[in-house]
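Structure first, commentary second.
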Amino acid sequence: MLRDLNELLLESTELVQKEISYVSEYKFSETFKTSYKELVNNRAIFQNSTVLIPTSTKTVAAPSIWFWVACHLTDLLDELEKYKSRVEEILTATNIINLDTEYSTWADEIRKGNKTPEAEFVEYSKSHFGEDETDKILKFITDYSYWGGGKSIGRSQNDFAHSVLLKASGLLNESSGYLSSIVYQLKTHPSLKEELLKSVVKLNSIIEQEPFNLTAYSVSLKDSGLLFSETILTRFVASLLTKPFVLLSGLSGSGKTKLAQSFVQWICQDESQYKIVPVGADWTNREPLLGYPNGLNSEEYIKPDNGVLDLILSAITNKQLPHFLILDEMNLSHVERYFADFLSVMESNDTIKLHSGEEEKSDVPSSITLPSNLFIIGTVNIDETTYMFSPKVLDRANAVEFRITTDEMNQYFTESPQLDLDQLRGKGALMAVDFLEKAHTKIVENKDAEAVKETLVKFFAELQKTGAEFGYRSASEIIRLINQLKVIDAELALDTCLDIAIMQKLLPKLHGSRRKLLPVLEQLAGFCIKEGYKGNIEKDILLNKEFDHKSEFVQFPISLEKITRMYHGAIDNGFASYAEA
């Protein structure tokens, strides 16, 4: 059944105008770029928001938005071609004209009103397609204004609909002529259209954004078969919102990588927003992350195959969306060697020099800044095959430690969940913009400033005795972390927020010999107990294996449990550090 062309033209025009009102630029996926280049014999050159396409007479600079508009015009083109096919079928069956030599003249004469459609034409149409469709076909060949036609239907398949498509697109200028070619390409290659429409949905989702909700993430995790405590989830997300460099440390197999992977799959719109990169033991410089200039070809820059540099460049171009770099087993090599450039610019906001040229080489600029929408998550395994982090690294990150409790292991064996990470894909994508806004906010509400100051000053004075005191940066980040914890969970008590901050920002600085650490650890343990406790800190708490760290007189249970493990590590090994305890 043929659709009414006038109605379809109006619908297509209104749809394009409605959608184009909030989409100013279109982001191509890597899959689409590759497929489209193959379609046009590798003649397309993709830039940030433009595609350069050499034709026989000129090079067309097609804005990326044209491709998106073309997605919404393929139905109109499909219907126009159905009408044209009906006409040609009738002409062929009735032998009214020679279709190869007389078609264009016949169509022009009818269009101008110099002749009317032959009786045989009308009769055949009615007998095969019915009265209603015949009326539509006759209108198609006699009244071009009704369906927006500008060129004769006797023209080639790729030409007669040209003016209709331009009219519907609203892009009426000389250079936009290539738009109709794009519509034809997408109509005849549905997989290309599907790839584009995926991104259109992503752009829509930015408009229809939702407030970030940690509970929604938690529910999605359970649906996918992943089991994490609410405390770990809160600490992890709040850490990302505080500073875009988070370390997840713990025993191998404790779920560090799965947590990072699950979050990025949940909040990202597609895989172009994140990379999971295993760190190699042979990484001794920055080349595995940033690539290098080709020494044999001054015009070429060699990008790393793992896609890290492409991810950074994508984040720079698409500042409205969060991007994530997950460095798996980050301490399998010396972090200070391959990650030095990143550590330096995290605080200075300086540029990273990539090559000496003034122009881009292989689409790589001479220098880059670390974009604020790039979040780096490092997983850290603690065993004899890895290297320990220096204070410089720990000072620039939020360190979240993974330890599986007996209750969590019992739950795992009882429920035996089946993992299905595909259930997470894009479930939180509508919250991505709000997540980024929360991460970028400079507003820090500190209603409990006096209590926070009192606690931090106590810890500062004690840490100073071992040379592990914190600086202004850490103090500022602690206050920000406490604020972000309250942002994602307003019900969290101040003591809980302080406990998390102590665990993640202060205790990682501790390392040293038994003689150096034991007195300090004992004093810090005392700070974790509420005022009025009458027991002996060392005997009743630190050396008491039956002690319950969740007792009512414990003010900071997470930190106290960690301090206790470090205390035992110093006694047993003569040395202790945050990472090894």
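Counting the sequence shown from 1 gives a position; our numbering is that position plus 549. From the three backbone atoms N, C-alpha and C, an ideal C-beta is built for every residue, glycine too. Keep in mind it's a predicted model, so treat the numbers as computed, not measured.
For the segment 740-803, the continuous alpha helix (DSSP H) assignments of 4+ residues that do not extend past its boundaries occur at 763-773 and 779-791, in sequence order.
Around Lys987, the same chain offers Phe761, Leu790 and Val1036 as residues with beta carbons nearer than 7 Å, after the five sequence neighbours per side are excluded.
Taking a contact to require three or more Cβ pairs closer than 8 Å, the segment 941-955 and the segment 887-902 qualify as touching. For Lys742, same chain residues with a beta-carbon under 7 Å away, outside a window of 5 residues either side, are Cys620, Thr623 and Leu735 in chain order. In the DSSP assignment, Gly927 forms a beta bridge with Leu796 and Leu876. The beta carbon of Gln758 is closer than 8 Å to those of Leu979, Met980, Ala981, Val982 and Asp983 in its chain, skipping five residues each way along the sequence.
Taking Gly927 as the centre and dropping the five residues before and after it, the same chain places the C-beta of Leu796, Leu876 and Met879 closer than 6 Å to its C-beta, in chain order.
With a threshold of 16 other beta carbon atoms within 10 Å, Arg1029 meets it and is buried. In the DSSP assignment, the residues bridged to Val826 are Leu876. When rounded, the separation of the alpha-carbon atoms in Ala1074 and Asp1089 is 11 Å.
Shortest Cα-Cα distance from Thr691 to any of His677, Val671 and Ser705 involves Val671.
As computed with DSSP, Val949 is found in a beta bridge with Leu797.
In summary, Glu563 is exposed, with fewer than 16 beta-carbon neighbours lying within 10 Å of its beta-carbon over all protein chains present.
Residues Glu628 of the same chain have their beta carbon placed closer than 6 Å to that of Arg552, with the five preceding and five following residues left out of the count. Contact annotation: Tyr1116 and Phe1102 have beta-carbon atoms that are not nearer than 8 Å.
Annotation: Thr900 to Asn855 spans about 22 Å, alpha carbon to alpha carbon. The C-alpha of Phe1009 is placed about 7 Å away from the C-alpha of Phe1019. Secondary structure within the segment 1017-1100: the beta strand (DSSP E) runs of 3 or more consecutive residues, fully enclosed, are 1060-1062 (chain order). The segment 628-644 makes contact with the segment 684-701: 3 or more CB pairs, one atom from each, lie closer than 8 Å. For Thr918, the uninterrupted beta strand (DSSP E) segment begins and ends at Ser916 to Thr918.
An exposed status is given to Phe962, since fewer than 16 other beta-carbon atoms sit within 10 Å of its beta-carbon. Here His904 has Pro842, Tyr850, Lys910, Val913 and Ser915 as same chain residues with Cβ atoms under 8 Å from its own Cβ, once five neighbours each way along the sequence are excluded.
DSSP places Leu601 outside any alpha helix (DSSP H); the residue lies instead in the beta strand (DSSP E), whose first and last residues are Thr599 to Pro603.
As summarised for the segment 643-721, the continuous alpha helix (DSSP H) elements at least 4 residues long and confined to that stretch are 648-661, 668-691, 693-696 and 711-718, given in chain order. Distance from the CA of Pro940 to the CA of Ile594, rounded to the nearest whole angstrom, comes to 46 Å. Annotated three-state conformation of Ala593 is coil, per DSSP. Around the CB of Ser613, 16 or more other CB atoms lie within 10 Å, so the residue is classed as buried. One Cα belongs to Lys631, the other to Thr665, and the distance between them is close to 21 Å.
A distance below 8 Å separates the beta carbons of Glu744 and Phe581. With respect to Glu1011, Gln1104 sits apart: the two C-beta atoms are not nearer than 8 Å.
DSSP places Ile614 outside any beta strand (DSSP E); the residue lies instead in the alpha helix (DSSP H), whose first and last residues are Ser613 to Cys620. For Ser847, the secondary structure class from DSSP, reduced to helix, strand or coil, is coil. Judged by DSSP in its simplified three-state form, Phe812 adopts helix.
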